[in-house]
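Notes for the one structure printed next.
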Amino acid sequence: MLKKLLTGENASLTRYIEESKRFPILAPDVERDLAIAWRERGNPQALEQLVGSHLRLVIKIARGFGGYGLPLVDLVAEGNVGLMQAAQKFDPQRGFRFATYATWWIRAAIQEYILHSWSLVKMGTTAAQKKLFFNLRRLKSQMAELEQGDLSPETVATIAAELDVPETEVVEMNRRLAANDSSLDATLSTDGETNWLELLADDRPTQDTMLAEADELALRRRLVGQALDRLDARERRILFERRLKDDPSTLEALSQQFSVSRERVRQIEVRAFEKLQKAVLSAAQALRRPVTPMVA
16 MLKKLLTGEN ASLTRYIEES KRFPILAPDV ERDLAIAWRE RGNPQALEQL VGSHLRLVIK
76 IARGFGGYGL PLVDLVAEGN VGLMQAAQKF DPQRGFRFAT YATWWIRAAI QEYILHSWSL
136 VKMGTTAAQK KLFFNLRRLK SQMAELEQGD LSPETVATIA AELDVPETEV VEMNRRLAAN
196 DSSLDATLST DGETNWLELL ADDRPTQDTM LAEADELALR RRLVGQALDR LDARERRILF
256 ERRLKDDPST LEALSQQFSV SRERVRQIEV RAFEKLQKAV LSAAQALRRP VTPMVA
């Protein structure tokens, strides 16, 4: 039953919600044991319990994206993809709860689905555009800017400062969101038969390209995981808080947490990243595999 729900077979949101209630919330030690059983022994029952106990998390996150005009059942289905990806990659030895780790994967999967489905025009390709796409309407609502026309210069400046993006991108994204979508299935007036979809070039990557990219990504993750083991606990924590979180911690917050100066936190962060990068590149060279350098 769980497999059918996760893969979209016999898709029913009501059934999904009912099924999610069948799984208990896991205690930390139970969750860790299940994760180890799946990661080290490939126990499918452990995977089902681990994933099943977090179905409610998928529903909760998916409901947060309910304002984009897409069926909730579709958002949940995409969230399930992220949940399964998280389960495949989760390492309980890192010390984080699975829900914390899975949240990022679930949100990322849903956001990518929205970006590709919401409009003909890809609303977000850069980090700034994605940030605008998912926050612009919320900020406009807070400022009572509910009209579909151009924003006032003051509003543009406020939103740009709030999201740390260029004002020109605020204006452009607002116009994109306000514009009506055109249908790819709409026929051209020239012949009444050909549609826009048939005239678009297929720019999807080939299977060979996708396999090569997946192979490189898997290698990078493995090398990074091995390199992280070379850092001490403080270095790992600071690097995670500063570079690996969606919402990075400030130098001030970490300086208070570790009872050191902000400059000292910055030095530890830089040193840890350099050690991580060096370890990854050294391991890659030992394997005689080119790996794209990590971006600071």
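For what it's worth, our numbering labels the leading residue of the sequence shown as 16, then goes sequentially.
Ideal Cβ placement from N, Cα and C applies to all residues, glycine included.
Contact annotation, Gly-94 with Ile-125: C-beta distance approximately 5 angstroms; criterion of less than 8 angstroms satisfied. When Cβ pairs closer than 8 angstroms are counted between the two stretches, the segment 279 to 292 is seen to touch the segment 251 to 268, the count reaching three or more. In its chain, beyond the 5 residues on either side, Ala-77, Phe-80 and Ile-125 have a beta carbon closer than 6 angstroms to the beta carbon of Leu-90. Per DSSP, Met-99 is one residue of the alpha helix (DSSP H) stretching across 87 to 104. For Glu-127 and Arg-281, the gap between their C-alpha atoms comes out near 32 angstroms.
Of Glu-63, Ala-50 and Leu-41, the smallest CA-CA separation from Pro-107 is found for Ala-50.
Rounded to the nearest angstrom, the Cβ distance from Leu-291 to Val-239 is 7 angstroms, consistent with a contact under 8 angstroms. In the assembly as shown, Gln-64 is a buried residue. Its beta-carbon has 16 or more other beta-carbons within 10 Å. Taking one beta carbon from each stretch, the segment 106 to 121 and the segment 143 to 156 have fewer than 3 pairs nearer than 8 angstroms; the two do not touch. Exposed is the label assigned to Leu-259, since fewer than 16 other Cβ atoms lie within 10 Å of its Cβ. Annotation for Ala-61: Leu-49, Ala-52 and Trp-53 place their beta carbon closer than 6 angstroms to its own, counting only its chain and skipping 5 residues before and after. Excluding the 5 residues flanking it on each side, Ala-101 has same chain C-beta neighbours closer than 8 angstroms at Phe-113, Tyr-116, Ala-117, Trp-119, Trp-120 and Ile-121, in chain order. Judged by DSSP secondary structure, Arg-245 falls outside any alpha helix (DSSP H); it is assigned neither H nor E. Excluding sequence positions up to five before and after Ala-294, its CB lies within less than 6 angstroms of the CB of Ala-242 and Arg-245, all in the same chain and listed in chain order. Pairing Gly-67 with Phe-38 gives a Cβ-Cβ distance under 8 angstroms.
Leu-266 has its alpha-carbon roughly 32 angstroms from the corresponding atom of Val-73.
Taken atom to atom, the span from the alpha-carbon of Arg-191 to that of Arg-237 is near 39 angstroms.
For Ile-40, the three-state secondary structure derived from DSSP is coil. Judged by DSSP in its simplified three-state form, Gly-67 adopts helix.
Nearest in C-alpha terms to Gly-57, of all of Phe-273, Lys-104, Met-158 and Ser-167, is Lys-104.
Its Cα nearest to that of Pro-59, the residue Met-99 stands out among Glu-34, Met-99 and Gln-157. For the pair Phe-148 and Leu-166, the CB atoms are not nearer than the 8 angstroms cut-off. Here Asn-58 carries a coil assignment [DSSP, helix/strand/coil]. Remark: C-beta atoms of Val-180 and Ala-123 do not approach each other more closely than 8 angstroms. With respect to the 8 angstroms criterion, Tyr-31 and Leu-85 are not classified as neighbours on the basis of their beta carbons.
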